[in-house]
Amino acid sequence: MHEWALAESIIMAAVEEAQKEKLKTITQVTVHIGELQQIEKEIFLFALNELSKSQKPPIKKDAFLLKTEKSTLTCKNCGETWKYSDMKKKLNETETESIHFIPEVVFVHMRCPRCGSPDFEITKGRGVVLSSIKGVR
Ligand SMILES: [Zn+2]
1277 MHEWALAESI IMAAVEEAQK EKLKTITQVT VHIGELQQIE KEIFLFALNE
1327 LSKSQKPPIK KDAFLLKTEK STLTCKNCGE TWKYSDMKKK LNETETESIH
1377 FIPEVVFVHM RCPRCGSPDF EITKGRGVVL SSIKGVR
């Protein structure tokens, strides 16, 4: 059910931003979702649309635009950075599936392509971020 909590924080941020910019109506809300964020997009979108009702300023119906942000990993040992999508090809379906549900599993299935270290971090493409809003003043 964390989709609802995430949706709520996005709505709150969008409304706060709209109030700051003195918008009368919010017409578009762009949200970036990290590739390594565990989320059910359909539930998330449903939650966004439900929670957007009766907000001030009002949020237009179907205002939400969800975009996937590619994940980048950085090796703590040698500093190499690489994209999750490049490494994904080497994984089988069960592995990618388990990473989708528990992003931490990525550390079990991946190694740094340069030095082979399992000590790396997700530096980009994690979490859900409100990237921009559009509206009418
Ligand atoms: Zn490395």
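Count the sequence shown with this note's numbering and you get residues 1277 to 1413, in order. We treat Cβ as the ideally placed atom computed from N, Cα and C, and that holds for glycine.
Limits of the alpha helix (DSSP H) - the one that residue i falls within
i	result
V1405	Segment 1404-1412 is the beta strand (DSSP E) holding V1405; no alpha helix (DSSP H) there.
E1293	1278-1296
V1384	1382-1385
S1374	1369-1377
Same chain, Cβ closer than 6 Å to residue i, five either side skipped, listed in chain order
i	result
V1405	H1308
T1370	none
Q1331	V1291
P1379	L1312, Q1314
T1282	The residue asked about is misnamed: residue 1282 is Leu in this sequence, not Thr. Here the set comprises V1404.
Own chain residues within Cβ distance below 8 Å of residue i, not counting five before or after
i	result
T1399	T1348, L1349, T1350, T1357
C1391	C1351, N1353, C1354, E1356
K1359	K1346, S1347, T1348, L1349
Boundaries (first-last residue) of the beta strand (DSSP E) holding residue i
i	result
Q1314	Looking at the DSSP string, Q1314 is not in any beta strand (DSSP E), and its letter there is neither H nor E.
I1398	1396-1400
Closer than 8 Å to chain B by CB, residue i
i	result
Q1331	Note that chain B does not occur in the displayed structure, where there is just one protein chain.
Chain-order list of residues whose beta-carbon lies under 7 Å from that of residue i (same chain, five-residue window excluded)
i	result
T1301	P1333, P1334, K1336, G1411, V1412
E1279	I1315, E1316, I1319, F1320, A1323
K1298	R1413
K1364	T1372
S1407	T1306, V1307, H1308
T1344	I1309, E1311
F1396	L1349, T1350, C1351, K1352, C1388
Mind listing, in chain order, the residues whose beta carbon lies closer than 5 Å to a non-hydrogen atom of ligand 1?
A residue is listed when its beta-carbon falls short of 5 Å from at least one non-hydrogen atom of ligand 1; in chain order these are C1351, N1353, C1354, E1356, C1388, R1390, C1391, S1393.
Run through the region 1339-1363 for me and flag every whole beta strand (DSSP E) of 3 or more residues, listed as ranges in chain order.
Residue ranges of uninterrupted beta strand (DSSP E) with 3 or more members, entirely inside the region 1339-1363 and ordered along the chain, are 1340-1345, 1348-1351, 1357-1359.
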